[in-house]
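Read the structure below first, then the notes.
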Amino acid sequence: MADLTIRNLTITPLELVSVERFQGEKKRTGNVVSNVTGAITGFINATDFSAHHILPKGDSHDSRDVSFHLDPFRTVRTDVRSADPAGREVLRLTFRAGDRRYETDVPSPSRKSSVMKRIDGDDDVDDALDLTVVYVPTGAFLAIFSSAKLYAWMKQLDDAWPLPLLSIPGTHNSPTCHTALPSVRCQSVGVPEQLQNGVRFLDIRVSVNTDNDTLALVHSVFPVSLTSIKYFSDMVDDIYRFLDANPSETVLMSIKREGAGRGTDQHLSRYLKAGFVDKNADRWWTEPRIPTLGQARGRIIIVRRFGLDEEMARSCWDGRGWGIDGQHWPDNCEDGTCEGGHIRVQDFYDVTESQNIEKKIDYSRGQLERSAEREFHVIGPEHDHNPDPALLPIFVNFLSGSNFFNATCWPERIAAKVNPAIVEYLCIRHGEDGKGPNQLKVGAASTGIVVTDWVGANGDWDLIRCIVGWNARLQLP
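Numbering (this note's numbering), first residue to last: 971 to 1447.
Written out as structure tokens, the structure reads:
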């Protein structure tokens, strides 16, 4: 078995001070009915399902004090033998941060991320850290992130930071969590739960009519639900409620016209302006430039993947347009730029056969590396930064793909392979000079906007936590 490697992806110096070894014991979770149902669902849908937790049994059979210093955003190879990968062993690691001590079990009981337990016994928790650990059995690698409160993770970030330099989780075909064809459904939970768990970019497709402004949510030509029509207006109300409760946050919304409706892009642009933006102007950002985080807080930012009504094009924002322009979206691309230069995108979605999933993973890693390369410097109390940050493109990185005619390439089955691969990349290789596919140097180490399928399945939000965690890099002096 390999020795344990630890990467500190926080701004706080840490020290590993103690290692204990326990025999691992499997404990059944749930009940027989729920476990059988979950296992069958997992088999059909390819979502990981575990009916057991791995817990330490009895007293430790080996214990030793150690001293491995972990500077911020540094990786240390220890001489600590990793836990048996078959689940027969659990390591209990104790870390020191200043005068505080924290412990975590590796692997965690559910094999998902876990929050370290503070063990110093002091009831004053005002200056205590929240630290999340993600264990990657491949390579015996432990990554430590700052534990953001996912429902309001932007609250700790500086108003002056431009959005292109943030690491932002998103979802592809965001409202497609309902009963639907397996090639249509892309998400395990709905938009409100996604927002509560850190998602800040929504990919929305609507069907447009010629004779009324009702916008139905769709995926390609299909409704997002087989049981009832779901409407854009109801989803927007959910977002309003979320932003009312969390005014520190912003939501980028990519909107595209699809479906069987006979309305045009021009109809859509008029419906959105009159029916939503004009009625609640303070809730929307429609200026055709990328705002700073401070300017965007509490608002929905429109990323426009549709053409504008001619009158709107002439009159809105002194004729400069309306919304961040993504109308001419590069199709099925590894690395393309939208006209106007605001968006640079990886959106290779036509995964025609399961062998192409590895190509999708490679393209996704490449876009992460390109986003990480950009520089950003915060200097002094006034937070001066490189001039005109709005000219920096937003990197958008779709992890999604599908092939309607091939069940092995339906969204969830692709996500079951892509998502863990990206978690592993973010923990082990992202933000390290020369460790990406093209061996580029690293600047601010932003992930850009990472757009996912099937996050939150069985309560697994590790991919979102890993993306959000990379914002700590911008806080380094």
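Idealized CB from N, CA, C, for every residue including glycine.
Can you tell me which of the three DSSP states residue i falls into?
{"i": "Y1395", "result": "helix"}
{"i": "W1431", "result": "coil"}
{"i": "S1341", "result": "helix"}
{"i": "P1447", "result": "coil"}
{"i": "W1121", "result": "Reading off the sequence, residue 1121 comes out as Tyr, not Trp. Helix."}
{"i": "R1081", "result": "coil"}
{"i": "F1192", "result": "strand"}
{"i": "R1259", "result": "coil"}
{"i": "V1388", "result": "helix"}
{"i": "A1251", "result": "helix"}
{"i": "H1022", "result": "strand"}
{"i": "V1178", "result": "coil"}
{"i": "H1400", "result": "coil"}
{"i": "M1086", "result": "coil"}
{"i": "T1149", "result": "coil"}
{"i": "L1063", "result": "strand"}
{"i": "N1441", "result": "helix"}
{"i": "G1264", "result": "helix"}
{"i": "R1232", "result": "coil"}
{"i": "L1369", "result": "coil"}
{"i": "M971", "result": "coil"}
{"i": "Y1241", "result": "helix"}
{"i": "D1423", "result": "coil"}
{"i": "F1038", "result": "strand"}
{"i": "P1132", "result": "strand"}
{"i": "A1113", "result": "strand"}
Return the CA-CA distance between residue i and residue j, expressed in angstroms with no decimal places.
{"i": "I1294", "j": "V1206", "result": "18 Å"}
{"i": "I1174", "j": "F1038", "result": "47 Å"}
{"i": "L1448", "j": "I1260", "result": "The question about residue 1448 has no answer, for the chain in this structure spans 971 to 1447."}
{"i": "H1400", "j": "E1280", "result": "43 Å"}
{"i": "S1520", "j": "S1144", "result": "Residue 1520 lies beyond the stretch modelled for the chain, which goes from 971 to 1447, so this question has no answer here."}
{"i": "S1370", "j": "V1421", "result": "7 Å"}
{"i": "G1448", "j": "G1277", "result": "The chain is shown from 971 up to 1447; residue 1448 falls before or after that span and cannot be answered."}
{"i": "E1073", "j": "K1087", "result": "5 Å"}
{"i": "A1283", "j": "K1125", "result": "34 Å"}
{"i": "V1315", "j": "D1181", "result": "34 Å"}
{"i": "G994", "j": "S1080", "result": "12 Å"}
{"i": "P1217", "j": "D1288", "result": "29 Å"}
{"i": "T1220", "j": "V1036", "result": "43 Å"}
{"i": "H1515", "j": "I1271", "result": "Residue 1515 cannot be examined here, being either before or after the span of the chain that is shown, 971 to 1447."}
{"i": "F1212", "j": "I1114", "result": "29 Å"}
{"i": "R1062", "j": "R977", "result": "17 Å"}
{"i": "L1222", "j": "G1291", "result": "17 Å"}
{"i": "A1150", "j": "P1193", "result": "8 Å"}
{"i": "P1042", "j": "A1442", "result": "10 Å"}
{"i": "K996", "j": "S1195", "result": "38 Å"}
{"i": "A1367", "j": "T1322", "result": "It should be noted that the sequence gives Asn, not Ala, for residue 1367. Roughly 19 Å separates the two Cα atoms."}
{"i": "V1191", "j": "R1232", "result": "12 Å"}
Report the option in the options whose CA atom is closest to the CA atom of residue i.
{"i": "A1110", "options": "M1282, V1420, E1394", "result": "E1394"}
{"i": "V1046", "options": "T975, I1138, T1064", "result": "T975"}
{"i": "A972", "options": "R1211, S988, R1051, G1028", "result": "R1051"}
{"i": "E990", "options": "G1268, T1220, D1075, D1214", "result": "D1075"}
{"i": "A1230", "options": "L1187, G1245, T1146, Y1333", "result": "L1187"}
{"i": "K1027", "options": "C1379, G1296, F992, I1327", "result": "F992"}
{"i": "L1396", "options": "R1335, D1214, G1404", "result": "R1335"}
{"i": "Y1241", "options": "P1134, G1439, S1203", "result": "S1203"}
{"i": "D1069", "options": "G1057, H1148, I1089", "result": "I1089"}
{"i": "T1197", "options": "T1146, D1214, K1243, A1215", "result": "T1146"}
{"i": "I1209", "options": "Q1164, C1308, T1378, A1244", "result": "Q1164"}
{"i": "C1308", "options": "I1331, Y1319, F1365, L1172", "result": "F1365"}
{"i": "H1031", "options": "L1040, H1023, V1060, D1049", "result": "V1060"}
{"i": "D1317", "options": "L1338, P1077, Q1325", "result": "L1338"}
{"i": "A1386", "options": "I1331, S1083, I1437, W1440", "result": "I1331"}
{"i": "P1152", "options": "N1376, T1048, I1313, I1419", "result": "N1376"}
Excluding five sequence neighbours on each side, which residues of the same chain lie with their C-beta closer than 6 Å to the C-beta of residue i?
{"i": "S1285", "result": "none"}
{"i": "P1381", "result": "C1156, S1372, D1423"}
{"i": "P1107", "result": "P1055"}
{"i": "R1066", "result": "E985, V987"}
{"i": "D1354", "result": "A caution first: D1354 carries a pLDDT of 45, below 50, which makes its placement in the model too unreliable to give a value."}
Got a sec? Which residues, its chain only, sit under 7 Å from residue i by beta carbon, not counting five neighbours each side?
{"i": "S1117", "result": "V1085, D1100, L1101, T1102"}
{"i": "L1433", "result": "N1389, I1392, V1393, T1422, V1425"}
{"i": "N1167", "result": "L1120, G1426, W1431, I1434"}
{"i": "W1131", "result": "T1262, L1263, L1444"}
{"i": "D1129", "result": "T1262, L1263, G1264"}
Skipping 5 residues on each side, what residues in its chain have a beta carbon closer than 8 Å to that of residue i?
{"i": "L1238", "result": "V1176, V1178, L1185, I1225, R1227, F1276"}
{"i": "E1402", "result": "T1045, V1412"}
(message) I want to know whether the stretch 1381–1391 touches the stretch 1159–1167 - three or more CB-CB distances under 8 Å.
(response) no
(request) Please confirm if the stretch 1242–1262 is in contact with the stretch 1297–1309, defined as three or more CB-CB distances below 8 Å between the two stretches. (result) no
(message) Closer than 8 Å is the cut-off here; do at least three beta carbon pairs connect the stretch 1404–1418 with the stretch 1333–1343?
(response) yes
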